[in-house]
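Residue numbers (this note's numbering): 2 to 542.
Positions of the beta carbon are idealized from the N, C-alpha and C atoms, including for glycine.
Let me begin by presenting the structure, written as structure tokens, before commenting on it.
Right under this line is the structure:
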């Protein structure tokens, strides 16, 4: 995921018809026909039972519905049903923090609880509940919009809930309260239902892909959106389970976007040899701002969500799609992040190596030309050279990633340089037999294995260990120099092989300043096959 000022990631989507849409375990209490929309100011529907006898004790059942007033959506109604623990207690955690947003509880209204009493408020985002042992509980509340107008490109990447008269968009972290004691518990499951939309109002969310074993984290690491103008493109080709949903109008052709998304996803699934899983790509339009382009996104494992100005051209979206989809694997399936350590510690790997593979795999798939590849690298090298924080230690990333745009970009620029250096070193050390591709794929396999190594909690820790196992040098000193202490990174002239030379030039930055920066120079001869050979050298495969 990227800071608000930068390209990023986004999530998956699917359209549902009228009435009630249920994903995951179907509960006996949740099979009634579609409920009517919730009307603002009205009491809760009398037909709704106070408790849900069909909800198992280790299960949490969620329902989301639009709140309609005079034909407009004014809020989202959330309901969750679960049981208190054996002592008759629960700590209800309201939405609080997601990415750059804090105090998300401010957008929660009309909290009502049946089956238990609130006995304490440890913080504005928490309620201690008490009732009979194992008692069923129903929690209801509404989520209102953090925006009083249509979001625009000037707002950057929105992480707070958006509820507009004809559409909505919200992350799970901003929507759903959770019983905190269930987050770390093993074996608990969740289900989700969308209810009560008016005719012609579509809904899309990666929550439609919940399986019978999904737990509470799946509710938070999700996106939901709906609206009258929602369009969904069904899966096709090699991966029919990949769908694309778009909310709003763009200057580019939406079918071309859907085709591009599938092409990018297929290319990365080919790299991982991992096809078939359902996946949703969600795209939402923001109001354009003249002279400003905003692209953002968030990858969530089983989908990603993109949000951008409606005037965004299609070519820059290639990078955004590829970057965000690579997060399906990095870092989660390569070791994840250590829950005991701030995730920012490993951002150089999670974001920086994702950048490296974004360019590498787009070139390999033919979505980028050699010139596109060189241009992306050169723009990144200029940004790195001009960065006022490029000498900052990694500790600065921990404190200022979300609050300082320059610091937020630092892992994205350090990581690719380190990847290029270490790709060259590994290739040389193994006589051309190994590449970083092998390292990442071995990490993926290692995490799948039921072994002590698989328990290693952080991809950025697992990487240097597997790199060494496959014949690469010990990276301890270089990690200390370039990541921990923030020493400047210089690429060797031949780091990319014979068809690209790295040299230092005086170049102009986006704001007109002059800076000395390393740059790639393409040196491909006219011989037949020279360009294809260069692509293989740069992109592997």
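> Given residue 535, which residues of its chain have a CB within under 7 Å of its CB, disregarding the five upstream and five downstream residues?
Replying inline: Cβ contact annotation for residue 535 (same chain, cutoff 7 Å, sequence separation greater than five): 371, 500 and 525, in chain order.
>> If contacts are defined as beta-carbon pairs under 8 Å, then residue 144 and residue 85 qualify, I think. What distance do you get, rounded to the angstrom?
In response: About 24 Å separates the two Cβ atoms, so there is no contact after all.
>> When you compare the segment 438 to 445 with the segment 398 to 414, are there three or more beta-carbon pairs, one atom per stretch, that lie closer than 8 Å?
In response: A contact between stretches requires three or more CB pairs, one per stretch, nearer than 8 Å, and the segment 438 to 445 fails this requirement with the segment 398 to 414.
>> What would DSSP say about residue 306, mapped onto helix, strand or coil?
In response: strand
> According to DSSP, is residue 358 helix, strand or coil?
Replying inline: helix
> Among residues of its own chain, excluding the 5 on either side of residue 530, which ones have a beta-carbon nearer than 6 Å to its beta-carbon?
Replying inline: none
> Can you tell me where the alpha helix (DSSP H) with residue 349 in it begins and where it stops?
Replying inline: 348 to 351
> Are the CB atoms of residue 62 and residue 192 nearer to each other than 7 Å?
Replying inline: yes
> Taking DSSP as the reference, what is the three-state secondary structure of residue 402?
Replying inline: coil
> According to DSSP, is residue 461 helix, strand or coil?
Replying inline: In the structure shown, residue 461 adopts helical secondary structure according to DSSP, grouped into three states.
> Which whole runs of the alpha helix (DSSP H) in the segment 154 to 208 are 4 residues long or more, in chain order?
Replying inline: Segments of the alpha helix (DSSP H) lying fully in the segment 154 to 208: 173 to 176 and 181 to 184.
> If residue 217 sits next to residue 247, beta carbons under 8 Å apart, how far is it from one beta carbon to the other, in whole angstroms?
Replying inline: Between residue 247 and residue 217 the Cβ distance is about 29 Å, and since that is not below 8 Å, they are no contact.
> If you drop the 5 nearest sequence neighbours on each side, which residues of the same chain put their C-beta closer than 6 Å to that of residue 262?
Replying inline: Excluding residues within five positions, the ones whose Cβ falls inside 6 Å are 245, 282 and 322.
> Just to confirm, are residue 507 and residue 517 a CB contact at a threshold of 7 Å?
Replying inline: yes
> What alpha helix (DSSP H) runs, 4 residues minimum, are completely inside the segment 233 to 296?
Replying inline: 255 to 273
>> Suppose you measure from the CA of residue 527 to the CA of residue 484; what does that come to, to the nearest Å?
In response: 40 Å
> Quick one, which of 141, 69, 59 and 356 has its alpha-carbon nearest residue 81's?
Replying inline: 141
> With a CB to CB cut of under 6 Å and the five nearest residues on each side skipped, what residues in its chain are close to residue 254?
Replying inline: none
>> According to DSSP, residue 99 sits in a beta bridge with which residue or residues?
In response: 102
> Taking just the CA atoms, how far does residue 329 sit from residue 303?
Replying inline: Between the alpha carbons of residue 303 and residue 329 lies a distance of about 7 Å.
> Can you find at least 3 beta carbon pairs, one from the segment 345 to 360 and one from the segment 409 to 420, that sit closer than 8 Å?
Replying inline: yes
> Does DSSP put residue 436 in a helix, a strand or coil?
Replying inline: Residue state, collapsed to three classes: coil.
> For residue 386, which residues from the same chain have a beta carbon less than 6 Å from its beta carbon, with the 5 sequence-adjacent residues on both sides left out?
Replying inline: 516 and 518
>> Once DSSP output is grouped into helix, strand and coil, what is the label at residue 514?
In response: Three-state DSSP puts residue 514 in coil, outside helix and strand.
> When the Cβ atoms of the segment 149 to 160 are set against those of the segment 220 to 230, are three or more pairs found closer than 8 Å?
Replying inline: no
>> Could you pull the DSSP bridge partners for residue 124 from this structure?
In response: 127
> Looking at residue 287 and residue 154, is the spacing between their C-beta atoms short of 7 Å?
Replying inline: yes
> The beta strand (DSSP E) with residue 110 in it runs from where to where?
Replying inline: 109 to 115
>> What does the Cβ neighbour count give for residue 512, buried or exposed, with the cut at 16 atoms within 10 Å?
In response: exposed
> So, is residue 185 buried or exposed, given that buried needs 16 or more other C-beta atoms within 10 angstroms?
Replying inline: Counting every other CB atom within 10 Å of its CB across the protein chains shown gives residue 185 a total below 16, marking it as exposed.
>> Between which two residues does the alpha helix (DSSP H) holding residue 533 run?
In response: Residue 533 -> alpha helix (DSSP H) spans 531 to 540.
> Taking DSSP as the reference, what is the three-state secondary structure of residue 57?
Replying inline: coil
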